[in-house]
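One structure below.
Number of protein chains: 2
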Amino acid sequence: MVDIATRVYNRKWKIDPIVRSLIDTDFYKLLMCQSVFRHKPDTKVTFSLINRSSHVPLAKLVDEGELREQLDHIRTLSLSRGENTWLRGNMFYGKRQMFQPDFMEWFEELHLPPYHLERKGDQYELTFEGKWYEVMMWEVPSLAVLMELRNRAVLNDMGQFELQVLYARAMTRVWEKIEKLRDIDPLSIADFGTRRRHSLLWQDWCVQAMREGLGTKFTGTSNCLIAMNREVEAIGTNAHELPMVYSALAESDAELAQAPYDVLSDWHSEHDGNLRIILPDTYGTKGFLENAPDWLASWTGIRVDSGDPATAARIAINWWKERGEDPLEKRVIFSDGLDVEKIIELQKQFSDQVNISFGWGTLLTNDFRGFVPNDGLAPFSMVCKAVAANGRPTVKLSDNPAKAMGPPDEIKRYKRVFGVGDQERIKVVV
Amino acid sequence: MVDIATRVYNRKWKIDPIVRSLIDTDFYKLLMCQSVFRHKPDTKVTFSLINRSSHVPLAKLVDEGELREQLDHIRTLSLSRGENTWLRGNMFYGKRQMFQPDFMEWFEELHLPPYHLERKGDQYELTFEGKWYEVMMWEVPSLAVLMELRNRAVLNDMGQFELQVLYARAMTRVWEKIEKLRDIDPLSIADFGTRRRHSLLWQDWCVQAMREGLGTKFTGTSNCLIAMNREVEAIGTNAHELPMVYSALAESDAELAQAPYDVLSDWHSEHDGNLRIILPDTYGTKGFLENAPDWLASWTGIRVDSGDPATAARIAINWWKERGEDPLEKRVIFSDGLDVEKIIELQKQFSDQVNISFGWGTLLTNDFRGFVPNDGLAPFSMVCKAVAANGRPTVKLSDNPAKAMGPPDEIKRYKRVFGVGDQERIKVVV
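Each protein sequence line maps, in turn, to chains A and B.
The first sequence begins at 1 in this note's numbering and counts up one residue at a time.
The second sequence begins at 1001 in this note's numbering and counts up one residue at a time.
Structural data, given as structure tokens:
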């Protein structure tokens, strides 16, 4: 029996919206949003979408009109009643009322602010300017929209069975990865793949497959909508945008040197337990830890998001030891460009020294490499970053110069202030 | 929107029937049935299901009650109005009214006759006794039921995503085979995989994938129900049961030697063009062609269903030449245990000597090899054959002694009558 109403309803669609919910975003964006809402409500920030993969000519592949339709659709979204209830009532990281009433009252009224879109050669320039806690909410949906519109351009040319086999291959690939992970014990792994996912439906499939295949080894997803719908944990803490904006706001070199610790001091006042995770690499992990105040050593763990992950983990473990902490009571979260082999290797290497978690991103939710001619569905490296705060440029050094951002003279200044020397360049896959 | 009525309706099912239509069977069974209905209406035949793969303990894997339910369900089936219309109105092999009014009137009233089922150790003994043109209709559905019940026993233990990935793997495998075939030109290939298919839904998927992937190189399916639903050609001519029963009915060695030609003489009176396909291997291809009457050389082609296919094709090509026929105007149909590599090899070997077609069976519609532990979903060799006619045993020699059937003394007599010497034994995969 075909449900006639469903067919007729489907026919009425003007577009097939890629993002259909304000909480189809990463959980840490909401945590950070609340933190910014509280601590930096007046800061004006510019976010900019940057395609690091210049070989992918987005403006040739993606029609500007369609891109505008998708972005305009996102601006029509507001929090639904059920989403509101979930955010207010759900337990996150063991805590009720993670989101405060004043924040929720604002969020209930939120519509995303305007965007600025311009074609520049074969690329788009897509920027968002305004109150930090508003424009920051564009990051994840704008990336997801561009990745999926590029994919749709490729999928449009494929036949029905060709499509089915494409997804069959992708399912097989994910499942074979899960089968490899299943044998690792202990294991603690979450989905971090919202922003550069193949599509929402696909991410949702991956999360469910992880749940069936890994049981309690699968700890949750960064995607709030999927966490709500599938009743799994919402996972995430904080990101580079906090130290980047705090640093850009610094009035002197001395304030700049202090800024990354101010971020964590604000965070310390709001969160405890597994939410106290240091992200140390914005201006170099080594220097950040060496100069860190003692109270930071009491935090639960550290997230490794650039550079050689084993090196960063060793630095963290030594740092804890120096500060009189037991690494076996600490946690290292790996989240940079992971795939199964790397996960297995890191787990073997460090599981007797420290607790380990993995935030598995693009190569979980978008490993369509090698499936179509010219690798037209392979994920590529695209980010949406805060590039300016109150009119000043932001800077990121990272533990990998391939991930660095900012004007050259500012990068030079930051390197001096944070004592960052030569760094090893590592190819960014996704 | 969930269609509530559909859910409630589904809940009412007592069983999930494997065979739901009398025309979910091979087209050649209907052609042969009409021929028998016309020429041998009084012959009583016993069909027997034989599992050649004794390592598959069917009676352990398949519950006898469930098997009876499935077989009983088949006995409730009768021709639907639409099926009746299709058989009467559709063009088969370029011909309207392939099925005569008297045959159709009988077929409209047909319910399959009783079956006899007994457990013998780890195997079932399943036999069908009665009028030839009735019991012969049990062959294909009874095989499909046993293969699928065995599969269901394995599938029952699998999780939802594990199942989805299983089919994803199977789809990928079929599609990769199709991609290999796509490059062959010319190519003429049909689905012959009803009897030992994984399931009807799966066969239906394979047929559609072949159509999308191969276009006009895909010439149709042997399955009447799928041919009707998908509007593709129904393909098939005749099988060993005709010469086996005709031979069993022979009153003397002289009549026996003549019997296989009598079959084709009856067929000659009914069919022309692409339906005039010789199946020469029942009692040895070589002797059959050497002793064949001249009019047989005018037939359109030959079907190679046992032994080494290249050898049989060479024998046929030489035979046509000897009889003054041009092989380039003839057709060889390969249908025995084919998979892609063999298809490509045979096409290369013979495409400049003769027209070639392929009837691709079990390794199209049931290649689930290697997907689950202990290879529990791999196809296995099971047949349902006429074992007696009017109380006399039938015999098959074949071009491969592994496919031979019948009591030893009768096999000896047939070998003598048909002049069959030593034969090469070839392992039967499916």
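Just so you know, even glycine gets a beta-carbon here, dropped at the ideal spot from N, CA and C.
- Of A1248(B), A1313(B), G1301(B), M1244(B), the smallest CA-CA separation from T1282(B) is found for M1244(B).
- Closer than 9 Å at the C-beta level to chain B, one finds no residue of the region 218–245 of chain A.
- In the DSSP annotation of this structure, the continuous segment of the alpha helix (DSSP H) that includes S1035(B) starts and ends at 1027–1039.
- For the pair of segments examined, the region 1155–1165 of chain B was found not to touch the region 152–166 of chain A: the number of CB pairs separated by less than 8 Å stays below three.
- Inside the region 288–322 of chain A, DSSP marks whole alpha helix (DSSP H) runs of 4 or more residues at positions 309–322, from first to last along the chain.
- The secondary-structure analysis by DSSP pairs K1095(B) across a beta bridge with F1092(B).
- In this structure K321(A) is exposed. Its beta-carbon is surrounded by fewer than 16 other beta-carbon atoms within 10 angstroms.
- In the DSSP assignment, M382(A) falls outside any alpha helix (DSSP H) and within the unbroken beta strand (DSSP E) covering 382–389.
- When rounded, the separation of the alpha-carbon atoms in D409(A) and I333(A) is 32 Å.
- For chain A, none of the residues of the region 1399–1423 of chain B brings a beta carbon within less than 7 Å of one of its beta carbons.
- Per DSSP, reduced to three states, the secondary structure at P1280(B) is coil, with no helix or strand assignment.
- A residue is called buried once 16 or more other Cβ atoms fall within 10 Å of its Cβ, and N151(A) is buried on that count.
- Counting C-beta pairs closer than 8 Å gives three or more between the region 303–314 of chain A and the region 387–404 of chain A, which meets the contact rule.
- A residue is called buried once 16 or more other Cβ atoms fall within 10 Å of its Cβ, and E1139(B) is buried on that count.
- At least one C-beta of chain B is nearer than 9 Å to the C-beta of D3(A).
- In the DSSP assignment, P393(A) is bridged to A388(A).
- Proximity of chain B to V165(A) at the Cβ level (cut-off 7 Å) is accounted for by M1171, T1172, W1175, in chain order.
- For K286(A), the number of other beta carbons within 10 angstroms of its own is at least 16, and it is reported as buried.
- The C-beta distance from D24(A) to P141(A) rounds to 7 Å, short enough to meet the 8 Å contact threshold.
- Using a Cβ distance threshold of 9 Å, F47(A) and A386(A) count as a contacting pair.
- Across the structure, N1084(B) and R1096(B) are spaced so that their CA atoms are roughly 14 Å apart.
- Between T1311(B) and chain A, the shortest Cβ-Cβ separation is not below 9 Å.
- Per DSSP, G1130(B) lies in no alpha helix (DSSP H) segment; the continuous beta strand (DSSP E) that holds it begins and ends at 1123–1131.
- The beta-carbon distance between K44(A) and W132(A), rounded to whole angstroms, is 7 Å. This is short enough to meet the 8 Å contact definition.
- D1063(B) and K12(A) have their C-alpha atoms roughly 49 Å apart.
- Here DSSP, grouped into helix, strand and coil, assigns G359(A) to strand.
- Each of L275(A), V36(A), R392(A) was checked against the Cα of L249(A), and the nearest Cα belongs to R392(A).
- Here A234(A) is near G220(A), since their CB atoms are less than 9 Å apart.
- Looking only at E345(A), G376(A), L256(A), A227(A), the smallest Cα-Cα distance to D204(A) is reached by A227(A).
- Contact between the region 1184–1193 of chain B and the region 181–189 of chain A is absent, with fewer than three C-beta pairs closer than 8 Å.
- Under the 10 Å beta carbon count, G213(A) is surrounded by 16 or more other beta carbons and is classified as buried.
- Between the alpha carbons of E1066(B) and K177(A) lies a distance of about 37 Å.
- Going by beta carbons, Y93(A) and A239(A) fall outside the 9 Å limit.
- Approximately 5 Å separates the beta-carbon atoms of A59(A) and Y124(A); this is inside 8 Å, confirming the contact.
- If you draw a 10 Å sphere on the C-beta of E1251(B), you find fewer than 16 other C-beta atoms in it, and that means exposed.
- Cβ atoms of L49(A) and L126(A) come within 8 Å of each other, at about 4 Å.
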